[in-house]
Amino acid sequence: MVRPYAMTKGRTRPGGREFDLIALVVSDVGADGGPDGRELPVGPEQGLILDLCRGNALSVAEIAADLDLPLGVVRVLLGDLLAAGLIRVGRPVPPALLPDEHILQEVVHGLRAL
Numbered sequence: 013m014v015r016p017y018a019m020t021k022g023r024t025r026p027g028g029r030e031f032d033l034i035a036l037v038v039s040d041v042g043a044d045g046g047p048d049g050r051e052l053p054v055g056p057e058q059g060l061i062l063d064l065c066r067g068n069a070l071s072v073a074e075i076a077a078d079l080d081l082p083l084g085v086v087r088v089l090l091g092d093l094l095a096a097g098l099i100r101v102g103r104p105v106p107p108a109l110l111p112d113e114h115i116l117q118e119v120v121h122g123l124r125a126l
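Heads up, the sequence shown is in my numbering, so the first residue is 13 and it goes up one at a time.
Printed below as a string of structure tokens:
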């Protein structure tokens, strides 16, 4: 068993920016390794994150749950992967930009009327 502080090299916060729980992470790394085909210089946990996020977007919370790692550790590991350009992170849609519930109900009623 590897202690969380060993995985993160003693860091408790990601370098750069914070990761929202529902931010979507996508791996930019193919199955054959880095852009030039070489093996990537990442730890085993980061390799698992890249494998999980290859081809499908997962939220930060889903990654932490799938790997059974503390959320803080996953955020630090994601920060390292983002700094290395190996992942892309999509920001969640702010609640102010989501459609109004009334409009959605009207759409449902209109569809039912068809």
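Virtual Cβ for every residue (Gly too), placed ideally from N, Cα, C. Given the structure is predicted, the values throughout are model-derived calculations rather than measurements.
Give every residue of the same chain whose Cβ lies closer than 8 Å to the Cβ of residue i, excluding the five residues on either side of it in the sequence, and list them in chain order.
{"i": "residue 35", "result": "71, 72, 101, 102, 103 and 104"}
Just grab the DSSP bridge partners of residue i for me.
{"i": "residue 100", "result": "38"}
Could you check how far apart the C-beta atoms of residue i and residue j are, in whole angstroms? I think they sit under 8 Å.
{"i": "residue 58", "j": "residue 89", "result": "5 Å"}
{"i": "residue 99", "j": "residue 54", "result": "Actually they do not touch by this definition, with Cβ atoms about 11 Å apart."}
{"i": "residue 64", "j": "residue 78", "result": "6 Å"}
Considering only residues of the same chain and omitting the five flanking positions on each side of residue i, which have a CB-CB separation below 6 Å?
{"i": "residue 66", "result": "39"}
Using DSSP with H/G/I as helix, E/B as strand and the rest coil, what is residue i?
{"i": "residue 70", "result": "strand"}
{"i": "residue 91", "result": "helix"}
{"i": "residue 113", "result": "helix"}
{"i": "residue 119", "result": "helix"}
{"i": "residue 86", "result": "helix"}
{"i": "residue 30", "result": "coil"}
{"i": "residue 63", "result": "helix"}
{"i": "residue 49", "result": "Summary for residue 49: the model assigns pLDDT 48, below 50, so the residue's position carries little reliability; its value from the coordinates is reported in the next sentence. Three-state result, residue 49: coil."}
{"i": "residue 78", "result": "helix"}
{"i": "residue 107", "result": "helix"}
Assign residue i to one of two classes, buried (16 or more other C-beta atoms within 10 Å of its C-beta) or exposed (fewer than that).
{"i": "residue 112", "result": "exposed"}
{"i": "residue 93", "result": "buried"}
{"i": "residue 120", "result": "exposed"}
{"i": "residue 115", "result": "exposed"}
{"i": "residue 81", "result": "buried"}
{"i": "residue 76", "result": "buried"}
{"i": "residue 124", "result": "exposed"}
Within a Cβ cutoff of 7 Å, which residues of the same chain sit near residue i, ignoring the five residues on either side of it in sequence?
{"i": "residue 68", "result": "none"}
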